[in-house]
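Colleague:
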């Protein structure tokens, strides 16, 4: 519902109705609508951070790391498009500590890509780039929630490999 | 207001109040809330298409074309962040003919970049890439509405030049 109508347009009563709970019963499970938004966001960004740490922990080849990061990120967006739409589009609807936490996790994920590039540069495989350029490269993936078509002819794996190709070429010394 | 709260959360009465008009007086100027959204969207995407046609019409060097497309696109997002947020985030809130027209303009803009790459490839400056990769490269720019900081230390021109550098490297044969 958040993905379809936008977070601010969905009321707590509407959510309750969709899951067959009264407003009071729903508040037994969640403290606020914002908590729901936070739960959705934190799940996916935490999973991306964990996957990134895992990939960097077990793979040392710089180009293969980019390929694996690329595949996991694209699969996540591809298979959870409604949730990822909410994560990306509504990130500014969170407030206070919740907002700060999600922003920190986003930055942590970006830092994993940065580490991958810095370590690749130390091996002579990549050139060094600025954080704003890393944001740009991640934007290639993040923006795809707006155009990905899970029923389309191009699959997540193929898109991920092509994007990894663009990233690796853009990083060549 | 659309950028801040989301299109669906803003009522026509609220818009009228913000501009000091009654609901009736507002409907004298616009036929619907969706028309407002359409007017915002069409203005910027039309401007991008015009600028792209202009750049491709007067510049022939493939790399310089990418640099100029990059600068104009980034300046547009940088200087009109609220409007561009609405354009990108709310594109799926449009319906019928309006939605189709905006989608066509987006595709036309993407085609200008594709033409630039194809003509660059014919000169041996670039390799050919697929439309999905062009979408990816444009995503670098489009996603920036979510993180650009007009009061930050990195200006639009600097970001545009760095992004153009990434694009050009990713296109090297």
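Protein chains in written order, with the UniProt record's numbering: chain V, 1 to 173; chain Z, 1 to 173.
Glycine included, each C-beta is placed from N, C-alpha and C at the ideal position.
Residue 7/V touches chain Z at which residues, Cβ-Cβ below 7 Å?
Modeller: Here residue 7/V corresponds to residue number 7 of the first chain, with the count starting at 1. Ordered by position in chain Z, the residues that pass the 7 Å Cβ test against residue 7/V are 6.
Colleague: Under 7 Å between beta-carbons, which chain Z residues line up against residue 143/V? List them in chain order, please.
Modeller: Indexing the first chain from 1 puts residue 143/V at position 143. Those within 7 Å of residue 143/V in chain Z are 139, 142, 143.
Colleague: Using only CA atoms, which one of 155/V, 108/V, 34/V lies nearest to residue 79/V?
Modeller: Your numbering for residue 79/V matches position 79 in the first chain. Comparing Cα positions, the closest option is 155/V.
Colleague: Counting Cβ pairs closer than 8 Å, one from the region 82-98 of chain V and one from the region 136-151 of chain V, do we hit at least three?
Modeller: yes
Colleague: Chain Z partners of residue 17/V, CB-CB under 8 Å?
Modeller: On the first chain, position 17 is the one that residue 17/V refers to. Going along chain Z, no residue has its Cβ under 8 Å from residue 17/V, so there is no contact; the nearest lies around 17 Å.
Colleague: Are there three or more Cβ pairs, one per stretch, closer than 8 Å when the region 122-133 of chain Z is compared with the region 51-68 of chain Z?
Modeller: yes
Colleague: Listing by chain order, which chain V residues have their CB less than 7 Å from the CB of residue 130/Z?
Modeller: Locating residue 130/Z in the second chain gives position 130, counting from the first residue. In chain order: 162.
Colleague: So, at 7 Å on beta carbons, what are the nonlocal neighbours of residue 12/V in its own chain, with the 5 sequence-adjacent residues on each side left out?
Modeller: Position 12 of the first chain, counted from the start, is the residue given in the question as residue 12/V. Here the set comprises 23, 26, 33.
Colleague: Take residue 9/Z and list the residues in its own chain whose beta-carbon comes closer than 7 Å to its own, dropping the five residues that flank it on each side.
Modeller: Sequence index remark: in the second chain, residue 9/Z carries index 9 (1-based). Taken in chain order, the list of residues that qualify is empty.
Colleague: Along the chain, where does the alpha helix (DSSP H) containing residue 73/Z start, and where does it finish?
Modeller: If you number the second chain from 1, residue 73/Z lands on position 73. Taken as a continuous stretch (DSSP letters only), the alpha helix (DSSP H) holding residue 73/Z covers 62-79.
Colleague: Less than 8 Å between the beta carbons of residue 77/Z and residue 141/Z, yes or no?
Modeller: In the second chain, the residue the question calls residue 77/Z occupies position 77. In the second chain, the residue the question calls residue 141/Z occupies position 141. Cβ atoms of residue 77/Z and residue 141/Z: closer than 8 Å.
Colleague: Measure the beta-carbon distance from residue 165/Z to residue 139/V and round it to whole angstroms, keeping in mind my assumption that it falls under 8 Å.
Modeller: If you number the second chain from 1, residue 165/Z lands on position 165. If you number the first chain from 1, residue 139/V lands on position 139. The pair is not a contact, with the Cβ atoms about 15 Å apart (cut-off 8 Å).
Colleague: With a CB to CB cut of under 7 Å and the five nearest residues on each side skipped, what residues in its chain are close to residue 150/V?
Modeller: Stepping through the first chain from its first residue, residue 150/V is reached at position 150. Excluding sequence neighbours, residue 150/V sits near 78, 81.
Colleague: Could you confirm whether any beta carbon from chain V is found closer than 8 Å to the beta carbon of residue 147/Z?
Modeller: Within the second chain, residue 147/Z is the residue found at index 147, counting from 1. The C-beta of residue 147/Z comes closer than 8 Å to at least one C-beta of chain V.
Colleague: Report, in whole angstroms, the separation of the C-beta atoms of residue 51/Z and residue 72/Z, which I expect to be a contact under 8 Å.
Modeller: Along the second chain, one-based indexing puts residue 51/Z at 51. Along the second chain, one-based indexing puts residue 72/Z at 72. The Cβ separation is near 5 Å, so the contact holds.
Colleague: For residue 170/V, which of helix, strand or coil comes out of DSSP?
Modeller: For this step, residue 170/V is matched to residue 170 along the first chain. In the structure shown, residue 170/V sits in a helix (DSSP, three-state: H, G or I).
Colleague: Would you mind sorting residue 104/Z into buried or exposed? The rule is 16 or more other CB atoms within 10 Å of its CB.
Modeller: Residue numbering aside, residue 104/Z sits at position 104 when the second chain is read from its first letter. Under this definition residue 104/Z is an exposed residue.
Colleague: With DSSP as the reference, label residue 153/Z as helix, strand or coil.
Modeller: Taking the second chain and counting its residues from 1, the one referred to as residue 153/Z is at position 153. Here residue 153/Z sits in coil by DSSP.
Colleague: What residue ranges within the UniProt domain "HTH tetR-type" (1-48) of chain Z form continuous alpha helix (DSSP H) runs of no fewer than 4 residues, ordered along the chain?
Modeller: 2-5, 12-18, 23-29
Colleague: Alpha carbon to alpha carbon, how far is residue 102/Z from residue 167/V? Give it in angstroms, no decimals.
Modeller: One-based indexing of the first chain puts residue 167/V at position 167. One-based indexing of the second chain puts residue 102/Z at position 102. Using only the alpha carbons, I get a separation of about 29 Å.
Colleague: Taking its Cβ as the centre, do 16 or more other Cβ atoms sit within 10 Å of residue 18/V, making it buried, or is it exposed?
Modeller: Locating residue 18/V in the first chain gives position 18, counting from the first residue. Exposed is the call here.
Colleague: Tell whether a beta-carbon distance below 8 Å holds between residue 114/Z and residue 134/Z.
Modeller: Position 114 of the second chain, counted from the start, is the residue given in the question as residue 114/Z. Position 134 of the second chain, counted from the start, is the residue given in the question as residue 134/Z. Yes.
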